[in-house]
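Working notes, structure below.
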Amino acid sequence: TVWLEFVPENYVKKARFFPNVEAGTITIEAVTVGDGSFCAEAFYEGRRCGQAETTTAGGNVVVTLPLSEVHLWEAGAGRLYDLTITFGKDTVHSYFGLRNVTISGEKVLINGKSVFQRLVLDQGFYPDGIWTAPSDEALKRDIEISMAAGFNGARLHQKAFEERFYYWADKLGYITWGEAPSWGMDANSIEVARNFLQEWSEL
Numbered sequence: 017t018v019w020l021e022f023v024p025e026n027y028v029k030k031a032r033f034f035p036n037v038e039a040g041t042i043t044i045e046a047v048t049v050g051d052g053s054f055c056a057e058a059f060y061e062g063r064r065c066g067q068a069e070t071t072t073a074g075g076n077v078v079v080t081l082p083l084s085e086v087h088l089w090e091a092g093a094g095r096l097y098d099l100t101i102t103f104g105k106d107t108v109h110s111y112f113g114l115r116n117v118t119i120s121g122e123k124v125l126i127n128g129k130s131v132f133q134r135l136v137l138d139q140g141f142y143p144d145g146i147w148t149a150p151s152d153e154a155l156k157r158d159i160e161i162s163m164a165a166g167f168n169g170a171r172l173h174q175k176a177f178e179e180r181f182y183y184w185a186d187k188l189g190y191i192t193w194g195e196a197p198s199w200g201m202d203a204n205s206i207e208v209a210r211n212f213l214q215e216w217s218e219l
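If you count the sequence shown from 1, position 136 lands on 152 in this note's numbering, and the numbers rise without skipping.
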């Protein structure tokens, strides 16, 4: 997915979110360009449940929002918070979910509960666009069909999936495992292995 976006002179270049289920907080690490006041607000179903702000002269910004309401993301229940970030005249709308994933022996735990993962293999293939989905609705529909068939997630194979697919997975409570599209890769080659690690880290 490619887009062109106009931004003001002072703007948010990028942001990453780090939820903490135990503390009931969300930490935002952002990179800004220019000077200004940085403010982040979290909402759940329209209710404001967290806010933090700071003044920055550009560069790295870190703020933590204590949340007055804690709603956990689970398989089949994509409970998400809306997030609004303002920096000068720039406004960014995003979202996040609260969950933690751990491994105990042979079990995968989401929020401390063992979850049996019934995953479909999804290669993201479309007859009319090959590796490109014809629409945003088609990405959502793939997940809905899988869930209707009894799957609670997917092993994503063969390509790097679009961010919009992950948005619908988050929204619908759909587990995803990303796989490197590395068919035919000679992992014994130092140059190939180095390129693979760099590309996969970026993804």
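Each residue gets a CB set at the ideal place from its N, CA and C atoms; glycine is no exception.
- Between the beta-carbon of residue 113 and that of residue 89 there is about 4 Å, and that keeps the pair under the 8 Å contact cut.
- Under the Cβ criterion (8 Å, minimum of three pairs), the stretch 66-82 does not count as touching the stretch 129-139.
- A distance of 9 Å or more separates the beta carbons of residue 73 and residue 101.
- For residue 111, the beta-bridge partners assigned by DSSP are 98.
- Taken in chain order, the complete beta strand (DSSP E) segments of 3 residues or longer contained in the stretch 22-58 are 27-36, 41-49.
- Looking from the CA of residue 42, the closest CA among 48, 60, 25 belongs to 60.
- Selection 20, 206, 99, 53 evaluated against residue 111 yields 99 as nearest (Cα-Cα).
- The alpha carbon of residue 194 has as its nearest neighbour, out of 143, 136, 54, 107, the alpha carbon of 136.
- In the three-state reduction of the DSSP assignment, residue 83 falls in the coil class.
- When the alpha-carbon of residue 44 is set against those of 52, 54, 33, the nearest one is in 33.
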